[in-house]
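Working notes for the structure below.
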Amino acid sequence: MKRLSAVLSLLLLVAFTAACAAPAAAPAAENEGTASTAADADARTICFAYQDLETEFWVAGHKAIVETLTGLGINVIERNANEDANKQLEQVKDCIAQSVDGIIIIPQDGESAVTIVGEANKADIPIGVFNRPPADDSNPALVIVADNEVIAQQAVEYMAEEAKTLGRKVTPLIMVGDLGDPNAVGRRQGFYNVIEANPDLFNEVIEVPTKWDGALALSNLEAAMQANPEVDFLFTSSDFMYPMIRSVLEPLNKWQVAGDENHVILGGLDGDSRACQLMRDGYVDATGVQDLFFEADTIMNAMLEAIDAGETQPNNWMDDPGFALTQANWEERAEDMWGCKLFAETGESLERSFGE
Amino acid sequence: MERIEAKVNKVQAASTGKSRPATADAQSGISKAIRRLLLSEYFVLYLSLAYFLVLLPFIPRIATPQNLGNIFSNMWPLLAVAIGQTFVLIIAGIDLSQTSIMALVSVIGAAVMTSELNPVLFEKAPLWGILLSENGGPLAGSPLAMPVAVFVMLLVGAAIGWFNGMAVARLKMPPFMVTLVGMMFFSALAIYLVKSENIIHLPASYVEIGQGEIGFIPYSFFIVGVLAILAQLLLSRTVLGRWFYAIGTNTKAALVSGVPVIRVTIMAYVLSGLFAAVGSVFYSARLAAGRPTLGATLLLDVIGATVIGGTSLFGGKGKIIWTVFGVLFFVLLDNSLNLLNLSYFWVQIVKGSVILLAAAFDVVRTRLLAAT
Numbered sequence: 008m009k010r011l012s013a014v015l016s017l018l019l020l021v022a023f024t025a026a027c028a029a030p031a032a033a034p035a036a037e038n039e040g041t042a043s044t045a046a047d048a049d050a051r052t053i054c055f056a057y058q059d060l061e062t063e064f065w066v067a068g069h070k071a072i073v074e075t076l077t078g079l080g081i082n083v084i085e086r087n088a089n090e091d092a093n094k095q096l097e098q099v100k101d102c103i104a105q106s107v108d109g110i111i112i113i114p115q116d117g118e119s120a121v122t123i124v125g126e127a128n129k130a131d132i133p134i135g136v137f138n139r140p141p142a143d144d145s146n147p148a149l150v151i152v153a154d155n156e157v158i159a160q161q162a163v164e165y166m167a168e169e170a171k172t173l174g175r176k177v178t179p180l181i182m183v184g185d186l187g188d189p190n191a192v193g194r195r196q197g198f199y200n201v202i203e204a205n206p207d208l209f210n211e212v213i214e215v216p217t218k219w220d221g222a223l224a225l226s227n228l229e230a231a232m233q234a235n236p237e238v239d240f241l242f243t244s245s246d247f248m249y250p251m252i253r254s255v256l257e258p259l260n261k262w263q264v265a266g267d268e269n270h271v272i273l274g275g276l277d278g279d280s281r282a283c284q285l286m287r288d289g290y291v292d293a294t295g296v297q298d299l300f301f302e303a304d305t306i307m308n309a310m311l312e313a314i315d316a317g318e319t320q321p322n323n324w325m326d327d328p329g330f331a332l333t334q335a336n337w338e339e340r341a342e343d344m345w346g347c348k349l350f351a352e353t354g355e356s357l358e359r360s361f362g363e
Numbered sequence: 029m030e031r032i033e034a035k036v037n038k039v040q041a042a043s044t045g046k047s048r049p050a051t052a053d054a055q056s057g058i059s060k061a062i063r064r065l066l067l068s069e070y071f072v073l074y075l076s077l078a079y080f081l082v083l084l085p086f087i088p089r090i091a092t093p094q095n096l097g098n099i100f101s102n103m104w105p106l107l108a109v110a111i112g113q114t115f116v117l118i119i120a121g122i123d124l125s126q127t128s129i130m131a132l133v134s135v136i137g138a139a140v141m142t143s144e145l146n147p148v149l150f151e152k153a154p155l156w157g158i159l160l161s162e163n164g165g166p167l168a169g170s171p172l173a174m175p176v177a178v179f180v181m182l183l184v185g186a187a188i189g190w191f192n193g194m195a196v197a198r199l200k201m202p203p204f205m206v207t208l209v210g211m212m213f214f215s216a217l218a219i220y221l222v223k224s225e226n227i228i229h230l231p232a233s234y235v236e237i238g239q240g241e242i243g244f245i246p247y248s249f250f251i252v253g254v255l256a257i258l259a260q261l262l263l264s265r266t267v268l269g270r271w272f273y274a275i276g277t278n279t280k281a282a283l284v285s286g287v288p289v290i291r292v293t294i295m296a297y298v299l300s301g302l303f304a305a306v307g308s309v310f311y312s313a314r315l316a317a318g319r320p321t322l323g324a325t326l327l328l329d330v331i332g333a334t335v336i337g338g339t340s341l342f343g344g345k346g347k348i349i350w351t352v353f354g355v356l357f358f359v360l361l362d363n364s365l366n367l368l369n370l371s372y373f374w375v376q377i378v379k380g381s382v383i384l385l386a387a388a389f390d391v392v393r394t395r396l397l398a399a400t
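What follows is the structure in structure tokens.
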């Protein structure tokens, strides 16, 4: 009897599944109808799937996208993959099953982005990739990405100019991000462009891998500084690592403002509020700035236009030109940096006072 | 408690010479039915079915073909890994290294068959110049790349399982410690071998294993389904299967009874490693990359699904069919929580609570069975 009832239950489940799957013969028409109805009712739904929100850049980007979309009356389904690419793939497939009108992702890395974009393409749902581009452009998508190589190069060029004023060779160190992320590759390349252009200025480069992980960054930087205490030129591939840098440099008496003989020429990339504060206070010489709000607006506008136009596989790679904020152009450009805007919103002044 | 109540009723009926009233009989019948349900080995299947039907009016999209397709495609790779975990749980062990085995074999398999590598990313990898080059792995472009790579993955998975089993059975080390250290060691090794980079440009035939479907049924259903049946037959129809249960129930008694405890224990861990490698094939194929962090967050799902199915953490009890039901319920739960648009934190809280309840329920069931 027990076995019979179990088998009957199993059969019921299978039958139910089959019944549901039966209309799959005409899924396109059915889905179009659903999407159209939703659009008519102006109740568009966008799935926003992000890998995690571990840095201020992602938190601010997440806030900008979600608040803007919900402000437009768009239903936003959020998915956090907790840095698991496989989980993110499953989450995006869940969103596809909900027949969302569009998908915006912050992928875990460029490789998984290609696969996830492919899933959206198969389902004929437009997909946008925010800031971290797919490893290749084999699958069509809307992509907004900063020109990381150029921005990093601009920041490091300013740092190199500062190094030249010392009248000696300097020992450069770069904290490298996750090289599975094209952004990290671009930033590293921008750094090396300057190093290679100035062979007489730099000693051998010391690379510190971080994988975009704070704990790993701290332990690897500690080890690198123990082995190479002469480092006096440091570029971090992301501003979120400044607290780790400070905790390593401070005990070595190297956490000093510009102009001090122990000052390490310091630069980074992102443009967050911490970098803004550290530049105002004189610890950081330059930072490459990704225009976060421009990127968020651009990807959202492109996505909404694609949905309105009925484009299911829009393909457009858009550039955020960005810029380098330096101690030299601080007065003119500080207010253009997204991190300084957030910093100023807390009531802090952007007036510099170091070296007075 | 029920037994005492039943005895009291019996004594009362005998002493008064009256039969029990009809309502008491009805209550007793319901109680027996609930008891039968709780003790049924199909309880989790009933639970999954009930959960699905209860949710249906609230989230009708749970029954859409796409969503059912998602549940099915998410279920089979997890089941492959969970089957391996079932073997070690039955012998009262545990394998925490399964996810790191997945990561390591994913990287090794991809290194064998990749057709192209970016030197900027890989030139500092220890395998560069030995196994890897700009032209990919040693079997790049060969029609044998996929089958050989899969074979190597399975071989490495089984070898790591053998290593774990030797440490547990021969050296008498605690399984928890052996596999915990294994988890750290092999996941670090995976990261070291490729310097944290993902290996892409895998053969289309390999990617098809993870992404291919017949209708809406993924290939993984057929492969893992066959493996599950074989695993169930191994447990239920072979002497080796009976030895697994004997060791899990009482190792000393099994030893005295002539069970080759050491060899059987090693075999359980070999199977665990082998099935972790099978899971790795599916997970890395669906992502089209060998990933050194593959499965990093999957351990809770694997052990949770196995325990929810009814396999006991104390050993001596478990069936592959239970694990199938456990994985079904776990994937259904995960899927439904996503469809309810709960935040990641709530999803994790609910999943953790369900696993805890399942573990508590296992204790209750064990006591009920002992009292029967």
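Here the protein sequences come in this chain order: A and S. When we follow my numbering, the leftmost residue of the first sequence carries the number 8, and every step to the right adds one. When we follow my numbering, the leftmost residue of the second sequence carries the number 29, and every step to the right adds one. Backbone N, C-alpha and C fix where the C-beta goes; we use that ideal spot for every residue, glycine too.
{"Check": "Nonlocal neighbours in the same chain, by C-beta distance under 7 angstroms from M307 of chain A, ignoring five residues either side", "Outcome": "I72, T75 and L76"}
{"Check": "Neighbourhood of A88 of chain A by C-beta, 8 angstroms cutoff - its chain only, sequence neighbours within 5 removed", "Outcome": "A56, Y57, Q58, D59, K94, Q95, Q98 and Q115"}
{"Check": "Residues of the segment 184 to 200 of chain A with Cβ closer than 7 angstroms to any Cβ of chain S, in chain order", "Outcome": "D185, L186, G187 and V192"}
{"Check": "Any C-beta of chain S under 8 angstroms from that of Q233 of chain A", "Outcome": "no"}
{"Check": "Short CB-CB distance (under 8 angstroms) between L149 of chain A and chain S", "Outcome": "no"}
{"Check": "Chain A within 8 angstroms of L360 of chain S, Cβ atoms only", "Outcome": "no"}
{"Check": "DSSP three-state assignment for A153 of chain A, whether helix, strand or coil", "Outcome": "strand"}
{"Check": "Neighbour flag for N93 of chain A against chain S, beta carbons, 8 angstroms", "Outcome": "yes"}
{"Check": "Residue-level contact to chain A via CB, Q260 of chain S, 8 angstroms cutoff", "Outcome": "no"}
{"Check": "Supposed close pair L315 of chain S, T122 of chain A - CB separation, criterion 8 angstroms", "Outcome": "6 angstroms"}
{"Check": "N146 of chain A burial status per 10 Å Cβ neighbour count (16 or more: buried)", "Outcome": "buried"}
{"Check": "Runs of beta strand (DSSP E) lying entirely within the segment 184 to 216 of chain A, each at least 3 residues, in chain order", "Outcome": "213 to 216"}
{"Check": "Assigned exposure category for D53 of chain S - 16 Cβ within 10 Å defines buried", "Outcome": "exposed"}
{"Check": "C-alpha gap between V287 of chain S and R198 of chain S, whole angstroms", "Outcome": "15 angstroms"}
{"Check": "Nearest neighbour of I294 of chain S, chosen from S:S128, S:F115, S:L145 and S:M181 [CA to CA]", "Outcome": "S:F115"}
{"Check": "Within-8 angstroms CB hit, I257 of chain S to chain A", "Outcome": "no"}
{"Check": "Interface partners of E156 of chain A on chain S, CB under 8 angstroms", "Outcome": "Result: empty, since nearest Cβ-Cβ is about 12 angstroms, beyond 8 angstroms."}
{"Check": "Contact residues within the segment 218 to 229 of chain S, judged by C-beta distance below 7 angstroms to chain A", "Outcome": "S224, E225, N226 and I228"}
{"Check": "Alpha-carbon to alpha-carbon, L327 of chain S and F250 of chain S", "Outcome": "24 angstroms"}
{"Check": "At least three beta-carbon pairs within less than 8 angstroms, the segment 186 to 204 of chain A to the segment 220 to 238 of chain A", "Outcome": "no"}
{"Check": "Residues within the segment 94 to 114 of chain A neighbouring chain S, beta-carbon criterion of under 7 angstroms", "Outcome": "K94, L96, E97, Q98, K100, D101, I103, A104 and Q105"}
{"Check": "Cβ neighbours of D390 of chain S in the same chain (closer than 6 angstroms, five flanking residues each side left out)", "Outcome": "S340"}
{"Check": "The beta strand (DSSP E) enclosing A293 of chain A, as first and last residue numbers", "Outcome": "A293 to V296"}
{"Check": "Neighbour-count burial assignment, E63 of chain A, 16 or more Cβ in a 10 Å radius", "Outcome": "buried"}
{"Check": "C-beta neighbour in chain A for A316 of chain S, strict 8 angstroms", "Outcome": "yes"}
{"Check": "Beta-carbon proximity of V150 of chain A to W337 of chain A, cut-off 8 angstroms", "Outcome": "no"}
{"Check": "CB contact check: Y372 of chain S to chain A, cutoff 8 angstroms", "Outcome": "yes"}
{"Check": "Spatial distance of G275 of chain A from A191 of chain A (CA atoms)", "Outcome": "12 angstroms"}
{"Check": "Contact under 8 angstroms by Cβ, D327 of chain A with V215 of chain A", "Outcome": "no"}
{"Check": "Sequence-distant residues of the same chain with beta carbon closer than 6 angstroms to S356 of chain A, five excluded per side", "Outcome": "none"}
{"Check": "Closer than 9 angstroms at the beta carbon, the chain A residues around V148 of chain S", "Outcome": "L186, V192, R195 and Q196"}
{"Check": "Where R89 of chain S meets chain A, residues with beta-carbon distance less than 7 angstroms", "Outcome": "A104 and Q105"}
{"Check": "Helix, strand or coil at V139 of chain A [DSSP, three-state]", "Outcome": "In the sequence as displayed, the identity of residue 139 of chain A is Arg instead of Val. The answer is coil: DSSP assigns R139 of chain A none of H, G, I, E or B."}
{"Check": "Rounded straight-line distance, which links the Cα of M182 of chain A to that of K218 of chain A", "Outcome": "9 angstroms"}
{"Check": "Helix, strand or coil at W65 of chain A [DSSP, three-state]", "Outcome": "helix"}
{"Check": "Residues bridged to E241 of chain S [DSSP beta-bridge criterion]", "Outcome": "S:P246"}
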